[in-house]
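Chains as they are written, first to last, in the numbering used here: chain Z, 38 to 380; chain W, 38 to 380; chain R, 38 to 380.
Glycine residues also receive a C-beta, built at the ideal position from the N, C-alpha and C atoms.
Encoded as structure tokens, the structure appears first; notes follow it.
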Amino acid sequence: MVDTRFHRFAGPIALGALLVRAGRSELAGALAAPGQVISGVSELELAGPDDLALAAQQGYAEDLRRTGAGVVLVSPALREDVPAGAIAVVLDRPHELFADILDLLYPASTRAVIAAAGRDDLGAPIFERDVTLGANVVIGPGVEIGRGTVIGANTVIGAGVTIGRNCTIAANCTIDCAHLGNDVVLHSGVRIGTEGFGWLDFGRANRKIPQLGRVIVQDRVEIGANSTVDRGALGDTVLGEGTKVDNLVQIGHNCRIGRNCLIAAMSGLSGSTIVEDGVLLGGGVGTSGHLTIGAGSVVHGRAAVTKDWPAGSKLAGAPAQDIRDFWRELAAMRKLSKGEKRG
Amino acid sequence: MVDTRFHRFAGPIALGALLVRAGRSELAGALAAPGQVISGVSELELAGPDDLALAAQQGYAEDLRRTGAGVVLVSPALREDVPAGAIAVVLDRPHELFADILDLLYPASTRAVIAAAGRDDLGAPIFERDVTLGANVVIGPGVEIGRGTVIGANTVIGAGVTIGRNCTIAANCTIDCAHLGNDVVLHSGVRIGTEGFGWLDFGRANRKIPQLGRVIVQDRVEIGANSTVDRGALGDTVLGEGTKVDNLVQIGHNCRIGRNCLIAAMSGLSGSTIVEDGVLLGGGVGTSGHLTIGAGSVVHGRAAVTKDWPAGSKLAGAPAQDIRDFWRELAAMRKLSKGEKRG
Amino acid sequence: MVDTRFHRFAGPIALGALLVRAGRSELAGALAAPGQVISGVSELELAGPDDLALAAQQGYAEDLRRTGAGVVLVSPALREDVPAGAIAVVLDRPHELFADILDLLYPASTRAVIAAAGRDDLGAPIFERDVTLGANVVIGPGVEIGRGTVIGANTVIGAGVTIGRNCTIAANCTIDCAHLGNDVVLHSGVRIGTEGFGWLDFGRANRKIPQLGRVIVQDRVEIGANSTVDRGALGDTVLGEGTKVDNLVQIGHNCRIGRNCLIAAMSGLSGSTIVEDGVLLGGGVGTSGHLTIGAGSVVHGRAAVTKDWPAGSKLAGAPAQDIRDFWRELAAMRKLSKGEKRG
Chain Z
38 MVDTRFHRFA GPIALGALLV RAGRSELAGA LAAPGQVISG VSELELAGPD
88 DLALAAQQGY AEDLRRTGAG VVLVSPALRE DVPAGAIAVV LDRPHELFAD
138 ILDLLYPAST RAVIAAAGRD DLGAPIFERD VTLGANVVIG PGVEIGRGTV
188 IGANTVIGAG VTIGRNCTIA ANCTIDCAHL GNDVVLHSGV RIGTEGFGWL
238 DFGRANRKIP QLGRVIVQDR VEIGANSTVD RGALGDTVLG EGTKVDNLVQ
288 IGHNCRIGRN CLIAAMSGLS GSTIVEDGVL LGGGVGTSGH LTIGAGSVVH
338 GRAAVTKDWP AGSKLAGAPA QDIRDFWREL AAMRKLSKGE KRG
Chain W
38 MVDTRFHRFA GPIALGALLV RAGRSELAGA LAAPGQVISG VSELELAGPD
88 DLALAAQQGY AEDLRRTGAG VVLVSPALRE DVPAGAIAVV LDRPHELFAD
138 ILDLLYPAST RAVIAAAGRD DLGAPIFERD VTLGANVVIG PGVEIGRGTV
188 IGANTVIGAG VTIGRNCTIA ANCTIDCAHL GNDVVLHSGV RIGTEGFGWL
238 DFGRANRKIP QLGRVIVQDR VEIGANSTVD RGALGDTVLG EGTKVDNLVQ
288 IGHNCRIGRN CLIAAMSGLS GSTIVEDGVL LGGGVGTSGH LTIGAGSVVH
338 GRAAVTKDWP AGSKLAGAPA QDIRDFWREL AAMRKLSKGE KRG
Chain R
38 MVDTRFHRFA GPIALGALLV RAGRSELAGA LAAPGQVISG VSELELAGPD
88 DLALAAQQGY AEDLRRTGAG VVLVSPALRE DVPAGAIAVV LDRPHELFAD
138 ILDLLYPAST RAVIAAAGRD DLGAPIFERD VTLGANVVIG PGVEIGRGTV
188 IGANTVIGAG VTIGRNCTIA ANCTIDCAHL GNDVVLHSGV RIGTEGFGWL
238 DFGRANRKIP QLGRVIVQDR VEIGANSTVD RGALGDTVLG EGTKVDNLVQ
288 IGHNCRIGRN CLIAAMSGLS GSTIVEDGVL LGGGVGTSGH LTIGAGSVVH
338 GRAAVTKDWP AGSKLAGAPA QDIRDFWREL AAMRKLSKGE KRG
């Protein structure tokens, strides 16, 4: 469910009317129940009977079969996986209609988050006692800050953000679309809740997929200077309890980082990377998106992780492999090149 | 031509007098026309009859032969390539004299841009209607901002910058020496128009080459959180229409990025990289400078591009090669190492 | 010695009492001189007779033998290396007790630096003449700024920081725990003096090692946009005279960079990297920590330096090797893969 603290909802609206507004009257006309009310948009696994959800690719078939969504946009290949209780809107390239619908239901979301204006519905900020604000701190409507939290000078906190107790937020940070737990530390220049890099029609129109999710920063997380954490596209980007992130790290939309991980400087996690508990990432590690690094894994500096790895993996290289294979390959290479003249 | 909105010109001055002030009386004495007026400094291809330009290396011979510059500083090897209409000042290491002249004609440019002081000549900022400024936004003299543009809290916009209509500039950004088109989006912490990394006498004096160019950000460009775009040394760094740049990306001086490109997080483009239209760069891609990536190319994550590639290239690896060669090499390596004991 | 301009000292205290407060009465009880006063904590090589220091690993044996510290915490293996004048507190995992002691003697250091509050002991800031402050600049107690220095808008300067003469600090920077020389240039978004990434009990408790050092930025250093320089854990992170650092570079705690180095964009130096004078690092270079790159070395872009290299080295590759070996290996690889079918 899109969190309306961060993204204002322009509905509810009947499905038929919504499709007409999206310029798809032919789809509206084909509906058995055009009056079905849409009260929000959600991910398949969290959607309820008034929600609309998307299943564009085969990888979502499993989630689709179990969804509680009232309405699903699906590509023809997934038609058979729509559960009995859901209304299916079947079309090619459902992503495009989905983006149209997001723009209609949560209008101008990029600008609305940054402008942080017109959110009087959220009410005045609420501070518990012993909150310390540095000079020129800017606090949006509806912000809540817990007891004992310190906010450094010139930091900007956007509409609806909540920050727990005893947090330490350094100077010159920006926080949007996020809920922070207790004892969180953000060092200077951190950006939380920026938009993920999600586009349709790559290299031609580069149309933005609206970024309507949040960032959840759990207790005792620490994030280093000038690091960036994008909000979910839908749903959440999550940093688990006790996880520590170094400087200049990029965490893409919908990443889920477990508890007590360490992520060294200049690492970059592409969208929907799952890092389980207690994983160590060395400096400059990168990941392709939509993969899982199992609990307790150790990924050496500069590794580029390109696929799932089980718990306890020890990885190195680009593309990353088991570190024993990495060393073996390096040794083979060294031996081979001995036959060559020194360049 | 150096844009005097951003870099104040201390001239005009006669060429002979300029060389004397630069401590090169012997060069002044050798001039046939020491009274030739210098009204600005420019790149070879854009220079006019009152401009001074530089041709230090063989790679500029072609531009030199076609230049309209009134005066050119050239190394002896390029003497024959100076066109008939231009006055040639011939010397070894012309870069050094060129830097001296830039410092004389555009004094203290590093500091002048950052101080943004003493630019009363630019007049008061001009806003079209419906411009929204967040708290603590700082606007320099001569700034112009178009209708419907939103500027987030604590952002700093330097002297002379122009921003088009319906732009969305997030919090805590810094913009100097730049012209932005319409519908541009900058996410939080973006730095536009910082100085390029250009030095003489590497590793010894590390003398700065004055950075007197601009950044041109065309319509519908979007730039991710904490990314940096350096201004040209002379001339412009350009991001073409519809190009989207992710978080923590570095774009060096005088890069020219085409239209509708996508540049994923943590990529770094060295100075004078040319990226043609519709190119996709994966995460963590790097380029050596002074090279061209042809239109529609796809460069996979972590590739290090070291030379020109034609349109439609598909690249991977470091140094980057055709992706089929990359996979072939990886396969050969994997096969070879099977003979080795696992490390 | 921890610099009390940046980190307030809660002592002095007798060693016995300190160990009791740290919950180690058994160690206190075993002391011959429990009344020994502790007036500060220091690195082995700089410690004096009232200082406490740590020697946890074999690599510190040499420093331990020469230390002037009054008290040393050592692991059993190092017991024999404690010099005659020092009191040895011998225990397993001395790092953990050391962290406890740092927290007792310099309490809540993360928060204290960021809050910059309660430091009235430092007195009002002191400016020489001709200091120019941009709008919304925030200056902590005890800051000193030299003649002719310019500070850009929205920059935040923490308690006790000193800045020399004729420096140019751009907008939106953050400076803590640092002493800057003369003619230093920081571009926009630079973070100086943030905490190093130092933890105990990796991947489980992730306990922070208090970061109580400083950053020393010598004359004529220049640091590019959005780069980050962590303060020492104990002791200093140092950038030597005339060294120039590009955008988006990370410099870890206790790095020591020599004079007149050039460090190109997106390089990352892990903790305790020593870079000697006149070294050139290309873009995207990384280093493992605790190693030395000898004077005048040239490290090509993307190299990952994993061990010591002597003066004048020319390095490439990941892991980095002599560039001639790098090219030889690349050639062998290219030759080998010719036998494979193109992928």
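According to DSSP, glutamate 259/W shares a beta bridge with Val222/W and Lys281/W.
In this structure glutamate 99/R is exposed. Its beta-carbon is surrounded by fewer than 16 other beta-carbon atoms within 10 angstroms. For the options Asn243/Z, Lys245/Z, Gly233/Z and Glu278/Z, the alpha carbon positioned closest to that of isoleucine 253/Z is the one of Glu278/Z. Within chain W, the residues whose beta carbon sits less than 8 Å from that of arginine 339/R are Gly323, Ala341 and Ala355, listed in sequence order.
Contact between glycine 185/W and asparagine 209/W does not hold, since their C-beta atoms are separated by about 21 Å, which reaches or exceeds 8 Å. In the DSSP assignment, arginine 251/R falls within the beta strand (DSSP E) that extends over 251 to 254.
The beta-carbon of tryptophan 236/Z is placed less than 9 Å from the nearest beta-carbon of chain W. If you draw a straight line from the Cα of threonine 205/W to the Cα of alanine 152/Z, it comes to about 8 Å. Apart from the 5 residues on each side of it in sequence, alanine 190/Z sits with its Cβ closer than 8 Å to the Cβ of Gly171, Ala172, Asn173, Val174, Ala208 and Asn209 in its chain, given in chain order. Three or more Cβ pairs closer than 8 Å define a contact, and the segment 276 to 295 of chain R falls short of that threshold against the segment 108 to 119 of chain R. Leaving aside the five residues that flank leucine 83/Z on each side, the residues in its chain whose CB is nearer than 8 Å to its CB run, in chain order, Met38 and Gly272.
Residues of the same chain with a CB within less than 7 Å of the CB of isoleucine 75/R, apart from the 5 flanking positions on each side, are Gly48, Pro49, Ile50, Leu52, Leu55, Asp87, Leu89 and Val108 in chain order. Taking a contact to require three or more Cβ pairs closer than 8 Å, the segment 333 to 344 of chain R and the segment 302 to 318 of chain R qualify as touching. Secondary-structure assignment with DSSP links glutamate 181/W through a beta bridge to Ile163/W and Thr199/W. Nearest Cα to arginine 228/R within the set Ala125/Z, Ala348/Z, Lys372/Z and Leu285/Z: Leu285/Z. Every alpha helix (DSSP H) of 4 residues or more that sits fully in the segment 51 to 79 of chain R is shown, in chain order, as 52 to 58 and 62 to 66. Taken through DSSP and simplified to helix, strand or coil, isoleucine 311/W comes out as strand. Annotated three-state conformation of leucine 352/W is strand, per DSSP. Per the coordinates, the alpha-carbon of leucine 128/Z lies some 16 Å from the alpha-carbon of proline 71/Z. Taken in chain order, the members of the segment 192 to 215 of chain R whose beta-carbon sits within less than 7 Å of a beta-carbon on chain W are Thr205, Ala207, Ala208 and Asn209. A residue is called buried when at least 16 other Cβ atoms come within 10 angstroms of its Cβ; glutamate 63/Z does not meet this threshold and is exposed.
When rounded, the separation of the alpha-carbon atoms in aspartate 167/R and aspartate 158/R is 26 Å. One Cα belongs to valine 180/Z, the other to phenylalanine 164/Z, and the distance between them is close to 8 Å.
Judged by DSSP secondary structure, isoleucine 151/R falls within the alpha helix (DSSP H) whose first and last residues are 146 to 152.
Sequence-ordered contacts of the segment 109 to 135 of chain R with chain W are nonexistent [C-beta pairs closer than 9 Å]. Taking C-beta separations shorter than 7 Å and ignoring five residues to either side along the sequence, the partners of threonine 324/Z in its chain run Leu306, Ser307, Thr310 and Val342, following chain order. In terms of Cα proximity to alanine 145/R, the closest of Arg116/R, Ala357/R, Met303/R and His44/R is His44/R. Pairing leucine 249/W with valine 258/R, the inter-Cα distance amounts to about 20 Å. Spanning the alpha carbons of threonine 199/R and aspartate 137/R requires a straight line of approximately 29 Å.
As a beta-bridge residue in DSSP terms, aspartate 359/R pairs with Leu352/R. Contacts with chain Z (Cβ-Cβ distance below 8 Å) from the segment 146 to 177 of chain R involve Thr147, Arg148, Ile151, Ala152, Ala153, Ala154, Asn173 and Val175, listed in chain order. The beta carbon of glycine 333/R lies closer than 8 Å to those of Glu313, Asp314, Gly315, Val316, Ala348 and Gly349 in the same chain, with the five residues before and after it left out. A residue is called buried once 16 or more other Cβ atoms fall within 10 Å of its Cβ, and glycine 235/Z is buried on that count.
Counting along the chain, histidine 216/Z sits inside the beta strand (DSSP E) bounded by residues 215 to 217.
If you draw a 10 Å sphere on the C-beta of glycine 240/Z, you find 16 or more other C-beta atoms in it, and that means buried. Counting other Cβ atoms within 10 Å of its Cβ, threonine 280/R reaches 16 or more and is therefore classed as buried.
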